[in-house]
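One line per chain: the protein sequences are A and B, in this order.
The first sequence lines up with residues 27 to 194 when you count with this note's numbering.
The second sequence lines up with residues 917 to 1117 when you count with this note's numbering.
Backbone N, C-alpha and C define an ideal beta-carbon position, used for all residues, glycine too.
First comes the structure, then the notes that go with it.
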Amino acid sequence: MNKNRFWSPYLAGGGLGLTLLASFIIAGQGLGASRAFTVAAGKAMSAVAPAYTATLTYLSKYLERSPFSDWTFLEVSGVLVGALIGVLMSRGFKIRFDRGSAMSVGMRVMTAFGGGIILGFASRLARGCTSGVALTGGAQLALSGWVFVIAMFASGFLFAALFRRLWS
Amino acid sequence: MSAPLVLSDTVNLAAAVVIGMFFGFFLERGGMGNPHKLTGVFYRTDFAVPKMMFSAILVAATGLCLLSDLKILDMSRVWIIPTFLWSQLVGGALFGLGYLVSGYCPGTAAAGLASGRLDALVTMVGIGSGTLLFSVLYPWLEGFYKTSDMGTATLPELLQVNHWALLAIVYVFAGIMFYAMERHERRRQASMANQVLHAAS
């Protein structure tokens, strides 16, 4: 792989920071991501099992309106388009299962799905993810953002020492 | 001008799509759709994630301090991320595990999918399922979820210092961190180049 396909992380980070700032000015809120997954999954679940889904009090605030009038759902749809523009510009688009060198495709499906479940659960418990709590809260100098960032990196380092063969 | 802007619902939702496009573009350009780069920080092989993340935080935080001091941005009308200390500490730690195992986080999984990564799509389905799992278990989690409510606590308020003083601390902290990461990456590259030389001779 060509290592120079990407921009300097400082430059890309500066652009991301200006995007976040623009979001505060235009919409009065920062960036988000995990909310979109709750909205989409909640909508799918209520289509399959409407009676049961209606009993889940926590989900009701995500199902009040259509996903297409949910700010974060539309923002994440934009992420897909913007990232596609970026990857086409640099000719990096390729359909594949990206995985660690010692990992089979079956194993990769399991780590992707299992890791995803943990991410989804954790982002609901923390009231957001890397976008909504870490970046947005971090930029607001909010305690929440800094608590989340420190806990996330500390835990990642700890588990990486346990699961050395996952990615290295 | 007084921000945040007061927009109609339709314009605000259209803005969400455009803001998201810039978000996704910069994520991808920074290499944040690539799970090897995303997890490299935990194996100390690639520090793109903290470099990009703290650059973004510094730029946005400086902008917020400046615009609110100049009375251009009314922070009382901006949604501040509330603090629930224990659930965010435990949630953040769990999140770190999920990020390491899947190789993504929710926003970067979307960037990964856009670059053709099917494993990112599987992660996205997992994230959706995980949020449903939380919703199902919520009656048992509610107590913990609502404990240690600290409202919209910010570091300058808690430490009773001016936001510029706190920002200065963040700049120094980030500067030291960036310097250490650059030095570590240079040394690693030098030692890898050495190994290649030895193997060749």
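Which of helix, strand or coil DSSP assigns to residue i
i, result
"residue 1065 of chain B", "strand"
"residue 1070 of chain B", "strand"
"residue 989 of chain B", "strand"
"residue 153 of chain A", "coil"
"residue 123 of chain A", "coil"
"residue 191 of chain A", "coil"
"residue 32 of chain A", "coil"
"residue 59 of chain A", "coil"
"residue 48 of chain A", "helix"
"residue 919 of chain B", "strand"
"residue 168 of chain A", "strand"
"residue 1076 of chain B", "coil"
"residue 925 of chain B", "helix"
"residue 978 of chain B", "helix"
"residue 129 of chain A", "coil"
"residue 40 of chain A", "helix"
"residue 1091 of chain B", "helix"
"residue 941 of chain B", "helix"
"residue 897 of chain B", "Residue 897 of chain B lies beyond the stretch modelled for chain B, which goes from 917 to 1117, so this question has no answer here."
"residue 185 of chain A", "helix"
"residue 137 of chain A", "helix"
"residue 54 of chain A", "coil"
"residue 1117 of chain B", "coil"
"residue 960 of chain B", "coil"
Neighbour-count burial assignment, residue i, 16 or more Cβ in a 10 Å radius
i, result
"residue 926 of chain B", "exposed"
"residue 55 of chain A", "buried"
"residue 45 of chain A", "buried"
"residue 47 of chain A", "buried"
"residue 921 of chain B", "exposed"
"residue 987 of chain B", "exposed"
"residue 1089 of chain B", "exposed"
"residue 1160 of chain B", "A query on residue 1160 of chain B cannot be resolved here, the shown segment of chain B reaching from 917 to 1117 and no further."
"residue 41 of chain A", "buried"
"residue 1058 of chain B", "exposed"
"residue 1104 of chain B", "exposed"
"residue 84 of chain A", "buried"
"residue 115 of chain A", "exposed"
"residue 145 of chain A", "buried"
"residue 193 of chain A", "buried"
"residue 1007 of chain B", "buried"
"residue 924 of chain B", "exposed"
"residue 1108 of chain B", "exposed"
"residue 124 of chain A", "buried"
"residue 1041 of chain B", "buried"
"residue 1118 of chain B", "Outside the displayed range of chain B (917 to 1117) lies residue 1118 of chain B, so it cannot be described from this structure."
"residue 199 of chain A", "Residue 199 of chain A lies beyond the range of chain A shown here (27 to 194); nothing can be said about it."
"residue 132 of chain A", "exposed"
Cβ separation of residue i and residue j, assumed to be a contact under 8 Å, to the nearest whole Å
i, j, result
"residue 161 of chain A", "residue 1009 of chain B", "The Cβ separation is near 18 Å, so there is no contact."
"residue 97 of chain A", "residue 928 of chain B", "7 Å"
"residue 1046 of chain B", "residue 955 of chain B", "The pair is not a contact, with the Cβ atoms about 19 Å apart (cut-off 8 Å)."
"residue 1033 of chain B", "residue 191 of chain A", "Between residue 191 of chain A and residue 1033 of chain B the Cβ distance is about 21 Å, and since that is not below 8 Å, they are no contact."
"residue 108 of chain A", "residue 937 of chain B", "4 Å"
"residue 101 of chain A", "residue 997 of chain B", "At roughly 16 Å, the Cβ-Cβ gap does not stay under 8 Å, so residue 101 of chain A and residue 997 of chain B are not in contact."
"residue 148 of chain A", "residue 1014 of chain B", "6 Å"
"residue 59 of chain A", "residue 157 of chain A", "4 Å"
"residue 134 of chain A", "residue 1035 of chain B", "5 Å"
"residue 958 of chain B", "residue 182 of chain A", "5 Å"
"residue 1098 of chain B", "residue 1027 of chain B", "Not confirmed; about 24 Å, so no contact."
"residue 94 of chain A", "residue 62 of chain A", "Contact flag wrong, Cβ pair sits at about 11 Å."
"residue 140 of chain A", "residue 933 of chain B", "At roughly 31 Å, the Cβ-Cβ gap does not stay under 8 Å, so residue 140 of chain A and residue 933 of chain B are not in contact."
Nearest to residue i (by Cα), restricted to the options the options
i, options, result
"residue 1086 of chain B", "A/132, A/111 and A/165", "A/165"
"residue 129 of chain A", "A/189, A/38 and A/57", "A/189"
"residue 50 of chain A", "B/976, B/1038 and B/1035", "B/976"
"residue 1201 of chain B", "A/35, A/69 and A/159", "Past the edges of chain B, shown from 917 to 1117, lies residue 1201 of chain B, and the structure says nothing about it."
"residue 65 of chain A", "B/1015, B/1113 and B/1043", "B/1043"
"residue 953 of chain B", "A/155, A/126, A/159 and A/163", "A/126"
"residue 1060 of chain B", "B/1040, B/1005 and B/948", "B/1005"
"residue 1070 of chain B", "A/73, A/103 and A/173", "A/173"
"residue 175 of chain A", "B/999, B/979 and B/1080", "B/999"
"residue 143 of chain A", "B/1031, B/1029, B/1050 and B/1028", "B/1050"
"residue 874 of chain B", "B/1117, B/1097, B/1078 and B/1115", "This structure cannot settle anything about residue 874 of chain B, because the visible part of chain B is limited to 917 through 1117."
"residue 138 of chain A", "B/1037, B/974 and B/960", "B/1037"
"residue 950 of chain B", "A/119, A/136 and A/155", "A/119"
"residue 169 of chain A", "B/1001, B/990 and B/939", "B/1001"
"residue 995 of chain B", "A/103, A/167, A/186 and A/185", "A/167"
"residue 982 of chain B", "B/1080, B/1055 and B/1096", "B/1080"
"residue 104 of chain A", "B/1030, B/1011, B/1017 and B/992", "B/1030"
"residue 1084 of chain B", "B/1024, B/1093, B/939 and B/974", "B/974"
"residue 82 of chain A", "A/71, A/178 and A/132", "A/71"
"residue 180 of chain A", "B/990, B/1011 and B/978", "B/1011"
To test your reading of the DSSP string, which unbroken alpha helix (DSSP H) runs of 4 or more residues are found completely within the region 73 to 121 of chain A? Fully contained in the region 73 to 121 of chain A are the following alpha helix (DSSP H) runs of length 4 or more, in chain order: 76 to 80 and 97 to 115.
Which whole runs of the alpha helix (DSSP H) in the region 985 to 1062 of chain B are 4 residues long or more, in chain order? List check, alpha helix (DSSP H) in window: 1001 to 1018, 1022 to 1030 and 1034 to 1061.
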